[in-house]
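J.: The structure under discussion is supplied below as structure tokens; questions concerning it will follow.
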Amino acid sequence: MSSNYLEFVAKVSTPVKNENLADDSHPPKSYQICGTWATMGECESGHKFAKALDCGREWCRECKETSHRRRFARWLTKAFQIEEMGQLVVTAEPIKRWRKKEDFRQIGQVVKEVLWALGFERGFRRWHWFGNKSNAWNPHLNFLLESGYLDPDFLDLIKEQIR
Numbered sequence: 001m002s003s004n005y006l007e008f009v010a011k012v013s014t015p016v017k018n019e020n021l022a023d024d025s026h027p028p029k030s031y032q033i034c035g036t037w038a039t040m041g042e043c044e045s046g047h048k049f050a051k052a053l054d055c056g057r058e059w060c061r062e063c064k065e066t067s068h069r070r071r072f073a074r075w076l077t078k079a080f081q082i083e084e085m086g087q088l089v090v091t092a093e094p095i096k097r098w099r100k101k102e103d104f105r106q107i108g109q110v111v112k113e114v115l116w117a118l119g120f121e122r123g124f125r126r127w128h129w130f131g132n133k134s135n136a137w138n139p140h141l142n143f144l145l146e147s148g149y150l151d152p153d154f155l156d157l158i159k160e161q162i163r
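When we follow UniProt numbering, the leftmost residue of the sequence shown carries the number 1, and every step to the right adds one.
The structure is reproduced here in structure tokens:
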């Protein structure tokens, strides 16, 4: 039993409960059991371990903080190389917000190419699916760019080229 204990723990599941979610307004795909599955490992010395698998979704009450911190830590060393950083947020009209995953991927690629053509050689991008003050569906693309203040005329140029 002791050698299979971690495997047993990794396979234990519990019924899906709505309290794992920030609210009940998300599609059924988000109803998963976060943190109840694990991946097994063993070090060179023969010690066995298990790592809990998180869903990594922004609205998950179980793992949103740890996932955010892990994502932030991956970016941190790269971000320290940028002397001056600016933020650009690209959002869509409410009628165009309901899209497929592939559409979001293409939008991100188009915006990245536009910014590259305008001289932004490095930065970070990440989709956010909800607003800061509301749980309403509001997909928007956040960019952290190697730049300072962008004047309104330059922002208009970026908007024109994205459209």
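Glycine included, each C-beta is placed from N, C-alpha and C at the ideal position.
Given a cut-off of 8 Å, decide if A73 and L53 are closer than it, judged by their beta-carbon atoms.
T.: Taking the sequence shown and counting its residues from 1, one reaches residue 53 at position 53. Taking the sequence shown and counting its residues from 1, one reaches residue 73 at position 73. Not closer than 8 Å, so no.
J.: Which partner residues of R57 appear in the DSSP bridge assignment?
T.: Within the sequence shown, the letter at position 57 stands for residue 57. Note: R57 sits in no beta bridge, so no partner.
J.: Pick out whichever of M40, C43, R61, N135 has its Cα sitting closest to the Cα of I33.
T.: Along the sequence shown, read from residue 1 onward, the residue named residue 33 stands at position 33. With distances taken between CA atoms, I33 lies nearest to R61 out of M40, C43, R61, N135.
J.: Report the partner residues of G123 according to the DSSP bridge assignment.
T.: Residue 123 sits at position 123 when you count from the first residue of the sequence shown. G123 is bridged to L145.
J.: In the DSSP assignment, the alpha helix (DSSP H) including A117 goes from what residue to what residue?
T.: For this step, residue 117 is matched to residue 117 along the sequence shown. Annotation for A117: the continuous alpha helix (DSSP H) segment containing it runs 101-117.
J.: Let me make sure I understand the geometry here. Which of D151, Q161, R97, W59 has the alpha-carbon closest to that of Q87?
T.: Mapped onto the sequence shown, residue 87 falls at position 87. Proximity to Q87 across D151, Q161, R97, W59 peaks at D151, based on C-alpha coordinates.
J.: Could you check how far apart the C-beta atoms of V89 and N142 are, in whole angstroms? I think they sit under 8 Å.
T.: As a working note, residue 89 is residue 89 in the sequence shown. As a working note, residue 142 is residue 142 in the sequence shown. Between V89 and N142, the beta carbon gap of about 6 Å places them in contact (Cβ cut-off 8 Å).
J.: Between which residues of its own chain and M85 is the CB-CB distance below 6 Å, once the five residues before and five after are set aside?
T.: Along the sequence shown, one-based indexing puts residue 85 at 85. Excluding residues up to 5 positions away in sequence, L144 lie with their Cβ nearer than 6 Å to the Cβ of M85 in the same chain.
J.: With H, G and I counted as helix, E and B as strand and the rest as coil, what does DSSP make of E62?
T.: On the sequence shown, position 62 is the one that residue 62 refers to. Note: E62 maps to coil in three-state DSSP.
J.: Hey, could you find the ends of the alpha helix (DSSP H) Q161 is sitting in?
T.: The count along the sequence shown starts at 1 and reaches residue 161 at position 161. Q161: member of the alpha helix (DSSP H) spanning 152-162, first to last residue.
J.: Which of the three DSSP states, helix, strand or coil, is assigned to K29?
T.: Mapped onto the sequence shown, residue 29 falls at position 29. Reliability fails at K29, whose pLDDT of 47 lies under 50, so the model's placement of it is uncertain and the value that follows must be treated cautiously. The answer is helix: DSSP assigns K29 an H, G or I state.
J.: Could you compute how far the alpha carbon of W116 sits from the alpha carbon of P94?
T.: Start at 1 with the first residue of the sequence shown, and residue 116 comes out as number 116. Start at 1 with the first residue of the sequence shown, and residue 94 comes out as number 94. Each residue's alpha carbon lies about 27 Å from the other.
J.: For my contact list, G108 and R125 are in at a C-beta cut-off of 8 Å; report their separation, rounded to the angstrom.
T.: Within the sequence shown, numbered from 1, the residue matching residue 108 stands at position 108. Within the sequence shown, numbered from 1, the residue matching residue 125 stands at position 125. Sure, about 6 Å apart at Cβ, within 8 Å.
J.: With DSSP as the reference, please indicate the residues paired to W137 in a beta bridge.
T.: Taking the sequence shown and counting its residues from 1, one reaches residue 137 at position 137. Bridge partners of W137: F130.
J.: Candidates V110, C55, R122: which alpha carbon is nearest F80's?
T.: On the sequence shown, residue 80 is found 80 positions in, with the first residue counted as 1. It is R122 whose Cα lies nearest to the Cα of F80.
J.: Are there 16 or more other CB atoms within 10 angstroms of the CB of S134, so buried, or fewer, so exposed?
T.: In the sequence shown, residue 134 corresponds to position 134, counting from 1. S134 comes out exposed.
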